[in-house]
Amino acid sequence: MMVRGAKLAGLGSYVPDRVLTNADLEKMVDTTDEWIVSHTGMKERHIAAPEQATSDLALMAAQRALDDAQLSAEDLDLVICATVTPDHMFPSTSSILQGRIGATRAGAFDLLIGCTGFLYALSVASGYVMAGLCNHVLVVAAETLSRIVNWEDRATCVLFGDGAGAAVVSPAKPGHGFLSFSLWSDGLNSHYLTLPAGGSRRPVSLQELEQKAHFLYMEGHEVFKLAVRGCPEVAEAAIKQAGLTNRDIDWAIMHQANKRIIDAAAKRLGLPESHVFCNVERYGNTSAASIPLALDDLYRAGELRNGQHLLLVAFGAGFSLAGSVLEWTK
Ligand code: ACO
9 MMVRGAKLAG
19 LGSYVPDRVL
29 TNADLEKMVD
39 TTDEWIVSHT
49 GMKERHIAAP
59 EQATSDLALM
69 AAQRALDDAQ
79 LSAEDLDLVI
89 CATVTPDHMF
99 PSTSSILQGR
109 IGATRAGAFD
119 LLIGCTGFLY
129 ALSVASGYVM
139 AGLCNHVLVV
149 AAETLSRIVN
159 WEDRATCVLF
169 GDGAGAAVVS
179 PAKPGHGFLS
189 FSLWSDGLNS
199 HYLTLPAGGS
209 RRPVSLQELE
219 QKAHFLYMEG
229 HEVFKLAVRG
239 CPEVAEAAIK
249 QAGLTNRDID
259 WAIMHQANKR
269 IIDAAAKRLG
279 LPESHVFCNV
289 ERYGNTSAAS
299 IPLALDDLYR
309 AGELRNGQHL
319 LLVAFGAGFS
329 LAGSVLEWTK
């Protein structure tokens with residue numbers, strides 16, 4: 009028997025000031041605003057300042073989420089940071105964040121999984137809260153993809169942006185808050201999206217740098233196909249696990265990687281356009297940060313009401329997929 013549930017008690021987000029438009033990209037690589045908009049729906053993205061690292065973005069989002077939850081950092085039991093662009097390989101970005109934010113009682117660890125990271129981290133946080141092991145968990149998804157993108161490769165550099173989103177996960181009445189999590193992995197397709205060098209397989213060397221293997225590598229079309237097929241499937245699984253049907257979904261918030269993928273998944277799920285949130289035109293693909301950035305935009309626009317059912321869907325490196333359904337309660 010479930011003793012207690014877990015809910016989103018606070019949300020916050022942050023994007024760096026600098027905006028990079030499609031017109032700016034036209035001056036950098038052989039691309040056009042028309043191509044980017046028609047293939048992705050993106051118009052602009054935010055890029056971190058040279059002195060800003062991932063934990064700097066995370067800190068801003070985390071403080072906003074704590075303020076929203078009306079909690080202080082000392083109330084936190086755990087800090088989880090989802091990122092594929094950590095400040096360093098170690099120490100963990102969550103440890104740096106925990107220290108800087110003053111979460112003196114909290115443990116901290118990172119989840120390195122890619123664009124599904126926020127949902128994976130929420131599942132862990134909810135599990136701790138529901139089991140009674142923690143009362144308040146800070147989940148932050150923060151990325152500086154601009155640091156690992158090859159700015160000479162038009163096929164990838166136009167797609168990504170920097171940003172951070174954060175959530176405080178706290179106890180809820182049983183049956184409220186998070187209702188389901190579906191976490192899937194398809195590791196045999198992991199080679200389609202990878203950061204080839206910098207790990208134990210291919211340590212950093214002059215040769216790797218010359219081959220530009222320290223930059224993100226993606227076979228976009230293959231990722232596109234996996235995402236269009238996988239997102240509706242993982243979404244259906246999460247909806248079913250929650251004991252609901254597609255018609256019960258008030259808002260679908262999907263990984264903001266490409267408007268065409270979001271539209272195709274929504275169509276397959278039979279979700280009306282008015283129930284599908286999209287802000288990819290303003291931020292580009294911010295990897296793990298994209299869902300909390302979208303969630304926070306929707307929340308601060310006053311669109312979320314108690315009792316509404318939210319569907320969260322993500323796909324990314326791994327190849328990983330994740331779906332979650334929650335009943336909004338504040
Ligand atoms: N400007 C102009 N032309 C371009 C650009 C560009 N920026 N990029 C690629 N092209 C060209 C290609 O060279 C190709 O030309 P060719 O036909 O002469 O060879 C043509 O456009 C079509 O290329 P495709 O890759 O087939 O285009 P597609 O319709 O698949 O769109 C895209 C590309 C947008 C990358 C799409 O495949 C996609 O969104 N894939 C999923 C990517 C994704 O979501 N990744 C993130 C997942 S995980 C994470 O978030 C980290």
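Residue numbers (this note's numbering): 9 to 338.
Beta carbons: idealized from backbone N, C-alpha and C, even for Gly.
Asked, Found
"Assigned exposure category for residue 126 - 16 Cβ within 10 Å defines buried", "buried"
"Distance between beta carbons of residue 54 and residue 37, contact taken as under 8 Å", "With a Cβ gap of about 18 Å, residue 37 and residue 54 do not count as contacting."
"Residue 164 and residue 330 closer than 7 Å at C-beta", "no"
"Nearest to residue 31 (by Cα), restricted to the options 24, 44, 119", "44"
"Straight-line gap, residue 334 to residue 222 (C-alpha atoms, nearest Å)", "38 Å"
"Beta-ladder partner(s) of residue 156, from DSSP", "In the DSSP output, where bridge partners are listed per residue, residue 156 has none listed."
"Assigned secondary structure, residue 238 (DSSP; H/G/I helix, E/B strand, else coil)", "helix"
"Distance CB(residue 327)-CB(residue 158) smaller than 7 Å", "no"
"Contacting residues, own chain, Cβ-Cβ under 7 Å from residue 206 (five flanking each side not counted)", "212, 222"
"Short Cβ contact (7 Å threshold) for residue 21 with residue 304", "yes"
"Spatial neighbours of residue 203 in its chain, beta-carbon cut-off 8 Å, leaving aside the 5 residues before and after", "92, 156, 222, 223, 224, 225"
"Residue 193: CB within 6 Å of a non-hydrogen atom of the ligand ACO", "no"
"Cα-Cα separation between residue 135 and residue 119, rounded to whole angstroms", "15 Å"
"Cβ distance (whole Å) where residue 262 is taken to contact residue 246 below 8 Å", "Contact doesn't hold; Cβ gap of about 12 Å is too wide."
"Alpha-carbon to alpha-carbon, residue 216 and residue 310", "48 Å"
"Cα-Cα separation, residue 259 to residue 175", "18 Å"
"Nearest-angstrom Cβ-Cβ length linking residue 185 and residue 13, presumed shorter than 8 Å", "4 Å"
"Cutoff 6 Å; reference residue 192; Cβ partners in own chain excluding five residues on either side", "242, 329"
"Residue 140 (DSSP reduced to helix, strand or coil)", "coil"
"Beta strand (DSSP E) segments (min. 3 residues) lying fully within the region 256-323", "259-262"
"Element boundaries [alpha helix (DSSP H), containing residue 45]", "41-48"
"Check whether residue 56 and residue 94 have beta carbons under 7 Å apart", "no"
"For residue 151, the three-state DSSP class (helix, strand or coil)", "strand"
"Closer than 6 Å: residue 347 CB and nearest the ligand ACO heavy atom", "With the chain running from 9 to 338 in the structure shown, residue 347 is simply not present."
"CA nearest to the CA of residue 336, picked from 320, 315, 62", "315"
"For residue 233, the three-state DSSP class (helix, strand or coil)", "helix"
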